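Down below is the structure, laid out as structure tokens.
Protein chains in written order, with our numbering: chain X, 1 to 119; chain D, 1001 to 1499; chain G, 2001 to 2789; chain L, 3001 to 3107.
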């Protein structure tokens, strides 16, 4: 294969970038721009804004993030398997089910530990 | 493409490890349904599982002479005498570790079922460290071993010391394992394989890219050197040992260290006989520095746990002495068996020492200063006697396990001295430093027997669990001292086919 | 081997049985807290060991070749595919070890018996000191009385392990065990209200000083194993002699039958043997010396001439001997060791343990014979020690201190003897010295307790007019030093004694006999053995001869001084006045030992046909030789001794001082006497030469190796050059507590550097990471360099 | 084993890149004070190793390297889990994750 075959992709990229830029700036270019404090204040559906827009996330999010990572990883192993599922046959099935059992154990654990209850 | 079959996995060969792994997962779930007030059951269950594993292991050891070495997981894992012997050590230390914890955790009010599961996880990791025949397995085992330890050392919630210990251990551990991984990457780049035999073969023949592999080996040395707390990768040890709950410290001081050596010896001896001179010199240098630093720094410690941490660094040095003799192929076997035996004696003695520390530690975790040993001989003669035994053994005075272990280790170094005079030097440094070590070990003896503690200092009651642990370790130390041949032969037989 | 030798293991088993009994049932044996049961058990065991020793001795009379009685295989290590290194625990019964066994068990038994009486009183007194009453007191008695005898038996067993060992390793095990016992027994009263700490310190001093010696031993053993491939006595010696002409390889792979030649071979057997090994035929002691020992011994990659290696080994052994046998420079621990109860001083620090060094050297006579240089060093060290210690003894006032230094000096005699190749003389003196020095120590113990009884009596309140008058005049005219000197007279200070001969006749007379024996008066035991040593010295080296002669002059002198201070003249304190004789259990051993001190010489008279000991030892000591009796030497030594006694009598005996405050007559020599009284400032010398420099050096370590320096350099200069804020990591100075004072000068060095090293441990994760990273860099550089170069 | 084609970058480039990343990660660990940043630096080191693995695997046309990468990623995830938990715990007690404040133990 040759470098030329990348050309369409390159063009597509270029167009995408240009378009997005246009979309972003067109309003600024076209419309009038007379800022006031109210206008600049973050929009909270009409209410007067309270506190800074940027706040610390509660630790819960760390927890969720961690859990996400853990279960995200299993995809790494499942993807190759899913491709070869036919060839691997029983052997693959058993192996993967072992893998999933282990993950499930982890899942049961955090479930019982209440990591999944939001409040 | 060829699909491996379940037969090709040869799971039977690694049955003990698999049993333990499965059991651990199970225990983790079962523990959820055990009410908090009697987590002791979890501990008993854990011991049960270890026992079952032990049985399986025993059967294997029995058949070993008949069957010989086996491969499993298509050569990723090798089951030889070396692995069997070490697995034995790991199970022993795990059982003892749990026994101690059963008494200790409730007192500190930190008993949670996870503790026991975590110990089992670590043990599985250690076992695979010993079984590994492929850097991939070594790496996964290494992490499976380390990560639970991070948690264990931070196990006392919102106790700054414990948290600090956990954090330090974790950051540095991750740091060093990064080196390890990169080392593997370089070796893979240099030789095109990660299997130990493969690497050896390539290095023996026309290496694809030798310096890459060599540097990779160096980085492996870093990663494993960190686990065994060898200079200059020892820095985490004192802080972690001091901050972590004593039960965890005791377990960590043997389990992790021995596992680290298990992999270190296996990797260097199996995969890098080609580069023996290179790592030989490195190991010698590291051994010398480790022994000196550990022993010397231990002297000015005032906290018993910290002192023992430095002493454990020193002992890593002694084991390295044996390893450094293993650079000569004809001595590799003797050297490794000396190391194995030393690790066994060290495991038992050191666990015992920590058990004593736990026996005098107060419920708030204080009372582990060396001064707190004062007058122990009066108030707790039995415990003091135990500590005396352990201290003598750690010093290496006759007739104790430690003396025999040192004798073998230095003996093999002396033998190897006919090959390179460095070995002589390392042996001499070893003897000198163990003389030095008498200073700080005897200081505890002096405290116990020649100083009066305050009379009303009352120590926590010793529950049967801890008592058992103490008895086992104490008797073990003496037996190993008087009848070393018993196990040394075992250690050697372990090596006949191994490595 | 004779059937009788099969009982050899008993000699070790019995004492340990005693240990077991006393350790576990000792207290139960003492239902009545005053019952001497544990003591009796221990004594019986010791006596049993003695009978075993006797039986073995008889066995040896029939079969002098002796035997090696295997106990069990201690360890076996696969050195290399074809060779296994086995250490059997084998008891070696030969003429040399049997002599040692007899002395150890014999004297040991007597001292055990004596200790029964002594310790009952001693424990009683410690109960008083601690103001214990009722059950508490009883428990105290039970604990300490039985503990003492446990230790004593343990010592006996260990000492026997030492002398019966068949390999250097077993010897070393015994070596360490006796060291441990001495440590335990010196610190026996470590919880004594006043002297407790001092005792503990003394114990530690002994322990640590001995570690230095042990280090020498250990290195010697490693070297031995390294160059001769074995630790078994016979193998080592035969291989050694083989290597004089053969190569290391040939000799180490001698076939077994060549190995088990027995050193007791008589000369023609030796011829045969040398034929067998094929190298000893040409070996005549005359033509030996480093010159001949130029075959290479390979240590590591390099080969050294055999002479050098053997010299190194023997010198290291000497270091070990100076530790155990309290020779220059390591003798400082022995005087402090007198902190232990008197039976301990007698048994361990006079009769047996301290002679281990002499035994060890005699045992290795083959090696020493190969290294003339070491022999000279040994002889000179011995001679010097003999002289120096003797001078110190002249100016001591503590009755036990005098004996302690006298012991050091006598050990010097023995070391000098073995250094001169006079192994017979050395062992001979070892035996006789064991008799009379044990006697003297036990006597002193009896004296001390007599004094203490006197003190108790005084406290009980009936001090007669003489005493009280004495009392007043002191209160009237003397400063408070003398005041409390008198109020609580130190029962060990000879200035407080005097005129005890009437009050303690048995003790007194036996003591006098002992001192005469020590002074070397015909025909007492001491004369013959010392004369034999002087003979050797006279033949071998003039220097040593002079040293020893002066030393023996001083010996006679200070003994006279002591005897006249203690037993003659008027009592100088009430205590001395009311001192009373000790009970039979104490005095009977004195009498027996007295008899031994008188007739002990018979075992080896220097006349043709009377050299029993000499011929006896020839079976086990390859280079034993018997010097020709030389009348002039004998006469000179006698004259010297008599002169010294006369002088001593003139100075001390004729006009005995009346009160305990009188100056010592010799004090007129001013600084000299002070110098001697201060023990040549030996400890201060160590303080100045070792400890203080070490401390300074360690400060140097602490400050120069200080992590801050390195760190600031690294971080501020390198890292913070690129990144901000790295430098304040290290800003926290660390000051750590001082090491507990239990470690001596050497430790100061180590602990100093230790504190230095501690600074590296800053507690900052990033520094740890930094160190790791540096380690990585070094390793990688090393490996790359290896590959590139 | 490796047939060089015109447009494939030579393996050495990847290795050099990975080495650079590794060093950067190392430096990050040494100079950062925020636990999370240190932790991310460690992750950077791990991933630089992954890059090397993949590059080598490609040059050898061998799958092992890629499999290893899977394992590294997995383990890294596990480490993240533990690490974050620790950091959170410490933040709860100390209200800060500046690791230079973790120096109560020393010597």
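Note that beta-carbon positions come from the ideal geometry of N, C-alpha and C, so glycine has one too.
Just so it is clear, the structure is predicted and the values come from calculations on it, not from any experiment.
For residue i, go through chain D and note every residue whose CB falls closer than 7 Å to its CB, in chain order.
i, result
"residue 102 of chain X", "1025"
Would you say residue i and residue j are within 8 Å of each other, going by their C-beta atoms?
i, j, result
"residue 2416 of chain G", "residue 2390 of chain G", "no"
"residue 1096 of chain D", "residue 1351 of chain D", "yes"
"residue 2145 of chain G", "residue 2184 of chain G", "no"
"residue 1194 of chain D", "residue 3068 of chain L", "yes"
"residue 2176 of chain G", "residue 1397 of chain D", "yes"
"residue 2061 of chain G", "residue 2212 of chain G", "no"
"residue 1060 of chain D", "residue 1084 of chain D", "yes"
"residue 2598 of chain G", "residue 2546 of chain G", "no"
"residue 2593 of chain G", "residue 2171 of chain G", "no"
"residue 3049 of chain L", "residue 1185 of chain D", "yes"
"residue 2129 of chain G", "residue 2192 of chain G", "yes"
"residue 1078 of chain D", "residue 1110 of chain D", "no"
"residue 1290 of chain D", "residue 1326 of chain D", "no"
For residue i and chain L, any beta-carbon pair shorter than 8 Å?
i, result
"residue 1192 of chain D", "yes"
"residue 1497 of chain D", "With a pLDDT of 43 at residue 1497 of chain D, under the threshold of 50, the modelled position of this residue cannot be trusted, and the question is left open."
"residue 1164 of chain D", "yes"
"residue 2756 of chain G", "no"
"residue 1170 of chain D", "yes"
"residue 1232 of chain D", "no"
Let's test the definition: count the other Cβ atoms within 10 Å of the Cβ of residue i and tell me whether it reaches 16, buried, or not, exposed.
i, result
"residue 2094 of chain G", "buried"
"residue 2510 of chain G", "buried"
"residue 2133 of chain G", "exposed"
"residue 1033 of chain D", "exposed"
"residue 1168 of chain D", "buried"
"residue 14 of chain X", "exposed"
"residue 2363 of chain G", "buried"
"residue 1090 of chain D", "buried"
"residue 2357 of chain G", "buried"
Please list, in chain order, the chain X residues whose beta carbon lies closer than 7 Å to that of residue i.
i, result
"residue 3073 of chain L", "73 and 76"
"residue 3084 of chain L", "62 and 66"
Applying a beta-carbon distance threshold of less than 8 Å, which residues of chain G neighbour residue i?
i, result
"residue 3062 of chain L", "Those do not exist, as residue 3062 of chain L stays about 24 Å from chain G at its closest Cβ, beyond 8 Å."
"residue 1427 of chain D", "2222"
Counting only beta-carbon separations shorter than 8 Å, does residue i have a partner in chain D?
i, result
"residue 3104 of chain L", "yes"
"residue 2218 of chain G", "yes"
"residue 22 of chain X", "no"
"residue 112 of chain X", "yes"
Listing by chain order, which chain X residues have their CB less than 9 Å from the CB of residue i?
i, result
"residue 3054 of chain L", "The premise fails here: residue 3054 of chain L is roughly 13 Å from chain X at the closest Cβ pair, so nothing lies under 9 Å."
Within the 8 Å Cβ cut-off, does residue i reach chain X?
i, result
"residue 1029 of chain D", "yes"
"residue 3042 of chain L", "no"
Give the residues of chain D in contact with residue i, contact being defined as C-beta atoms less than 8 Å apart.
i, result
"residue 81 of chain X", "Here the premise fails: no neighbours, minimum Cβ distance about 12 Å."
Chain L partners of residue i, CB-CB under 7 Å?
i, result
"residue 2765 of chain G", "3099 and 3102"
I'd like the ranges of any alpha helix (DSSP H) spanning at least 4 consecutive residues and lying wholly in the region 1085 to 1138 of chain D. Qualifying alpha helix (DSSP H) stretches, in chain order: 1113 to 1131.
Counting only runs that start and end within the region 1171 to 1213 of chain D, where is the alpha helix (DSSP H) found for 4 or more residues in a row? Unbroken alpha helix (DSSP H) runs of no fewer than 4 residues, entirely contained in the region 1171 to 1213 of chain D, are found at 1196 to 1204, following chain order.
Length at least 4, wholly inside the region 2201 to 2248 of chain G: the alpha helix (DSSP H) runs in chain order: Listed in chain order, the complete alpha helix (DSSP H) runs (minimum 4 residues) inside the region 2201 to 2248 of chain G are 2233 to 2243.
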